[in-house]
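Chains as they are written, first to last, in this note's numbering: chain A, 83 to 379; chain B, 3 to 292.
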C-alpha cells in the first residue's frame, strides 16, 4: 500500500488524534521552543533580539544565583537522605500487619496527605508549628523543652521541609514498594521460617533485597526532580525571615520572572535547571544500568 | 502461654503513631472550626473535640463572596477541566492503542518527548498572555490538558478490551468513532474513573497557575483565596468590612482559617473511598514494572 492509501484507510484515526495533538503543539511544543528566550532580550513590541549567552554570563556571576543553587542542593540532599528511606520502611512495616482491618485503617490514613494541596499542607503545618498553641511545641513542652518558632528560624526551616515532605509523601510513596513486596514469592519466607529466621531477619534478608530493583528505579526517578527541591512546598512555607536559606531555583525563577518581569533572564535560569535535570537523569540511568543492571528503560 | 510478640507490637505502634500524626492535625482544624468564637482562644493544637459546638464559622464563611465565589470557580474549573482532560486523553489513547496505522511509531516518540521535556514557567506564561487568556478560566481549564503518563495508563485499559468484540463490531460495519464511543468508552469505565480522579484532584488542588494567570480577585479559585487568607494571613482582603463582627456574631480568625482549610478538603474526603479504590489501583498498575 502506498503512504497515501494507508493514510486514507485510517483517516478517521488521524482526525481523532488531531485535538490532543493540537493541544500538545500549542501548549507544550510552542513553549518548549519559547525557551529560546534565554538567549534573547525580551521586547514587548516587535521581535526579541538575540543576545547569545549574555543572561547566562550575568547569572553565573550573580551571588544571588549561587545562594539559590546552594539552597536547592542542600534541601534536595536533605530530603533524599532522610526522606527516601521512609516509604521503604513503611511498606515493609505495613506488609507485616496481618490484621486486615488495621492494615486498611493504616493505609487509608497515611495515603491521605498526598491528596491535599500544598496550600492546605502549609496551612496545617504553620498551625502545627505555632510557638504557643501548635501541637509540636505543646508536645515538646511536655518533655521540658521550650517552644521554638520553627517557621521563622533559619536553623530549623529546612528540617520543617524535610519532615512535612515525609508527612505528605511517605505514605503514598510506600505503595510502589508494597506492590513490589506482594510479588515476592511466599516460598522464600516459608523456607526462611523453616531455617529459623525471625520476623526481623526475614524483613532484612528477604524483603529488603527483593526490593532492590524498585528502590533503584524510584531513586533515579527522584534524582530527575533533584533540581526542583519541591517548589510548591517551599513557595507556600517560605517567609521573609528565612528566605536567605530556603530560596531555591524555582522560587527564584518565579520572583525574577513573574514578579519582577525579567522574562529572559528568568528563562535562562530555568533552562539551566532543565539541562542539569536531564543530565542527572541520563547520568544515573546509565551508571545504575552499568553497576546493577537496573535502569529506567 | 504464647510468647508476646514484641516486634509485632512495635510495628503496630509505629504505624499507629504515623496515622495519628496525619489524623490529629486535621481533626484539630475541624474541632477549631466547630468551636464557638467565644471559646476559640481555649482551643490548642492537640484538641480534637470542639469546646462549645457552633456552626457559626461556616455560616460566616459560606456568606463570604470570596469563599463562595472561590468554591464555585474551583468546581467549574475542576469539572470542565476534567471533562476536557478525559476527552483529549481517551481520544489519543484510543488511537495509540490501535496496532497498525501509518505513523504510530512517530506518534509514540512524540509523546515520549513531550513527557520528558517540560516547558518553562515564563514561556508558558507569555503564551497564555499572547493568546489573551490571562484572567480567563479557559487558561486554567486548558492547563495540563493531557498528561502523557495518564494517556499510557488509559491505553492499557483500552488494550484490555477483548479484540473479538472489536472484530465483531467491525464486521457489523462500525468505524473507529463508533468503536471508540460505543465499545471502548463503555467498557473502560474503571479506567475513566481512575483518570477522572487523577485529573480532578489535580485541578481542585491547583493554585499556582490560578494565582499567576488570574489577577481579578472575584475570579480567584478556592486555593488562591485559601493561600491569601491562611498562608499570607491577609484577613483584610478576605474578611474585610466585617470589623470582627458578622451579623451580630463575634468572629475568630483562627476558626475562620481552620474552616476554610476544611472546606478545601471536604470534596477530597467525600471522594476518598473512590480515590482509594481507583487511584491506588491505577498507580500500582502504572508504576510497577514487570
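Every residue gets a Cβ at the ideal spot worked out from N, C-alpha and C, and that includes glycine.
According to DSSP, is residue 285 of chain A part of a helix, a strand, or is it coil? Here residue 285 of chain A is taken as the residue at index 203 of the first chain, counted from 1. Helix.
Close Cβ partners of residue 292 of chain B (< 6 Å) along its chain, the five nearest in sequence each way excluded: Looking up residue 292 of chain B in the second chain gives position 290. Bear in mind that a pLDDT of 33 at residue 292 of chain B, under 50, signals an unreliable position, so the number given afterwards is only what the model happens to contain. Here the set comprises nothing.
CB contact below 8 Å: residue 281 of chain A versus chain B: For this step, residue 281 of chain A is matched to residue 199 along the first chain. Yes, residue 281 of chain A counts as interfacial toward chain B.
Could you check what DSSP says for residue 227 of chain B in three-state terms: helix, strand or coil? Against the second chain, residue 227 of chain B aligns to sequence position 225. Three-state DSSP puts residue 227 of chain B in a helix.
Could you please tell me which residues of the stretch 218–239 of chain A, in chain order, have their CB closer than 7 Å to any CB of chain B? 220
Is there a Cβ from chain B that is less than 8 Å from the Cβ of residue 88 of chain A? Within the first chain, numbered from 1, the residue matching residue 88 of chain A stands at position 6. By this cut-off, residue 88 of chain A is an interface position.
Are the stretch 195–203 of chain B and the stretch 273–280 of chain B touching, with three or more C-beta to C-beta distances below 8 Å? yes
Check each candidate in B:141, B:43, B:259 and name the one with the smallest Cα separation from residue 82 of chain B. In the second chain, counting from the first residue as 1, residue 82 of chain B sits at position 80. Looking at the Cα atoms, B:141 is the closest of the given residues.
Where residue 123 of chain A sits in the DSSP three-state scheme: Counting from 1 along the first chain, the entry for residue 123 of chain A is found at position 41. Strand, per DSSP.
I'd like the ranges of any alpha helix (DSSP H) spanning at least 4 consecutive residues and lying wholly in the stretch 137–222 of chain B. 139–144, 150–161, 165–173, 191–207, 210–215
Shorter than 8 Å from the beta carbon of residue 272 of chain A to some beta carbon of chain B? Within the first chain, numbered from 1, the residue matching residue 272 of chain A stands at position 190. Cβ-Cβ to chain B under 8 Å: no for residue 272 of chain A.
Cα-Cα separation between residue 138 of chain B and residue 144 of chain B, rounded to whole angstroms: Translated into the one-based positions of the second chain, residue 138 of chain B becomes position 136. Translated into the one-based positions of the second chain, residue 144 of chain B becomes position 142. Cα to Cα, the separation comes out at about 10 Å.
For residue 116 of chain A, go through chain B and note every residue whose CB falls closer than 9 Å to its CB, in chain order. Taking the first residue of the first chain as 1, we reach residue 116 of chain A at position 34. Within chain B, the residues near residue 116 of chain A are 121, 122, 124, 125, 126, 128, 129.
Buried or exposed for residue 64 of chain B, please, with buried defined as at least 16 other CB atoms from any protein chain shown within 10 angstroms of its CB. Mapped onto the second chain, residue 64 of chain B falls at position 62. Exposed: under 16 other Cβ atoms inside 10 Å.
Between which two residues does the alpha helix (DSSP H) harbouring residue 271 of chain A extend? Numbered from its first residue, the first chain carries residue 271 of chain A at position 189. Unbroken alpha helix (DSSP H) run through residue 271 of chain A: 268–276.
Euclidean distance between Cα positions of residue 210 of chain B and residue 278 of chain A: For the purposes of this step, residue 210 of chain B is taken as residue 208 along the second chain, with counting starting at 1. For the purposes of this step, residue 278 of chain A is taken as residue 196 along the first chain, with counting starting at 1. Roughly 55 Å separates the two Cα atoms.
Please check if any C-beta of chain A sits within less than 8 Å of the C-beta of residue 23 of chain B. For this step, residue 23 of chain B is matched to residue 21 along the second chain. Yes, residue 23 of chain B counts as interfacial toward chain A.
Cross-chain neighbours of residue 30 of chain B in chain A, by beta carbon under 8 Å: Along the second chain, read from residue 1 onward, the residue named residue 30 of chain B stands at position 28. Under the 8 Å cutoff, chain A gives 209, 217.
Between residue 14 of chain B and residue 184 of chain A, which are expected to be in contact by the criterion C-beta below 8 Å, what is the C-beta distance as a whole number of angstroms? Position 12 of the second chain, counted from the start, is the residue given in the question as residue 14 of chain B. Position 102 of the first chain, counted from the start, is the residue given in the question as residue 184 of chain A. Right, the Cβ-Cβ distance comes to about 7 Å (below 8 Å), so this counts as a contact.
With DSSP as the reference, please indicate the residues paired to residue 37 of chain B in a beta bridge. Counted from its first residue, the second chain places residue 37 of chain B at position 35. In DSSP, residue 37 of chain B forms a bridge with B:55.
Nearest-angstrom Cα distance between residue 141 of chain A and residue 350 of chain A? Within the first chain, numbered from 1, the residue matching residue 141 of chain A stands at position 59. Within the first chain, numbered from 1, the residue matching residue 350 of chain A stands at position 268. Whole-angstrom Cα-Cα distance: 8 Å.
If you run the structure through DSSP and keep just helix, strand and coil, what is residue 45 of chain B? In the second chain, counting from the first residue as 1, residue 45 of chain B sits at position 43. The answer is coil: DSSP assigns residue 45 of chain B none of H, G, I, E or B.
Tell me whether the stretch 87–98 of chain B and the stretch 99–117 of chain A touch, counting them as touching only if at least three CB pairs, one residue from each stretch, are closer than 8 Å. yes
Could you tell me whether the stretch 110–123 of chain A touches the stretch 349–367 of chain A, where touching means 3 or more Cβ pairs closer than 8 Å? yes
Whole angstroms is fine: what's the gap from residue 275 of chain A's alpha carbon to residue 289 of chain A's? For the purposes of this step, residue 275 of chain A is taken as the residue at position 193 of the first chain. For the purposes of this step, residue 289 of chain A is taken as the residue at position 207 of the first chain. Whole-angstrom Cα-Cα distance: 13 Å.
Could you tell me the distance, in whole angstroms, from the CA atom of residue 97 of chain B to the CA atom of residue 96 of chain A? Counted from its first residue, the second chain places residue 97 of chain B at position 95. Counted from its first residue, the first chain places residue 96 of chain A at position 14. Distance between the alpha carbons of residue 97 of chain B and residue 96 of chain A is about 8 Å.
Exposed unless 16 or more other CB atoms sit within 10 angstroms - verdict on residue 259 of chain B: In the second chain, counting from the first residue as 1, residue 259 of chain B sits at position 257. That one is buried.
Out of curiosity, what's the CA-to-CA distance linking residue 248 of chain A and residue 374 of chain A? Looking up residue 248 of chain A in the first chain gives position 166. Looking up residue 374 of chain A in the first chain gives position 292. So the alpha carbons of these two residues sit roughly 27 Å apart.
Residues in the stretch 97–111 of chain A having any Cβ partner in chain B nearer than 9 Å: 97, 98, 99, 100, 101, 102, 103, 105, 106, 108, 109, 110, 111
Between the CA atoms of residue 172 of chain B and residue 269 of chain B - distance to the nearest angstrom: The count along the second chain starts at 1 and reaches residue 269 of chain B at position 267. The count along the second chain starts at 1 and reaches residue 172 of chain B at position 170. One C-alpha to the other measures close to 42 Å.
Segments of 4+ residues assigned as alpha helix (DSSP H) that fall wholly inside the stretch 83–134 of chain A: 85–91, 93–106, 112–116
Against residue 204 of chain A, what residues of chain B qualify as contacts under a CB-to-CB distance less than 7 Å, listed in chain order? Residue 204 of chain A sits at position 122 when you count from the first residue of the first chain. Within 7 Å Cβ-Cβ: 233.
Can you tell me whether residue 309 of chain A is helix, strand or coil according to DSSP? What you label residue 309 of chain A is simply residue 227 of the first chain in a count that begins at 1. It is coil, neither helix nor strand.
Could one say the Cβ of residue 366 of chain A lies closer than 8 Å to chain B's Cβ atoms, at least one of them? Sequence index remark: in the first chain, residue 366 of chain A carries index 284 (1-based). Chain B contact via Cβ: absent.
Should residue 154 of chain A be flagged as near chain B, meaning a C-beta pair shorter than 8 Å? On the first chain, position 72 is the one that residue 154 of chain A refers to. Answer no: the Cβ-Cβ gap between residue 154 of chain A and chain B never drops below 8 Å.
CB contact below 8 Å: residue 197 of chain A versus chain B: The sequence position of residue 197 of chain A within the first chain is 115, counting from 1. By this cut-off, residue 197 of chain A is an interface position.
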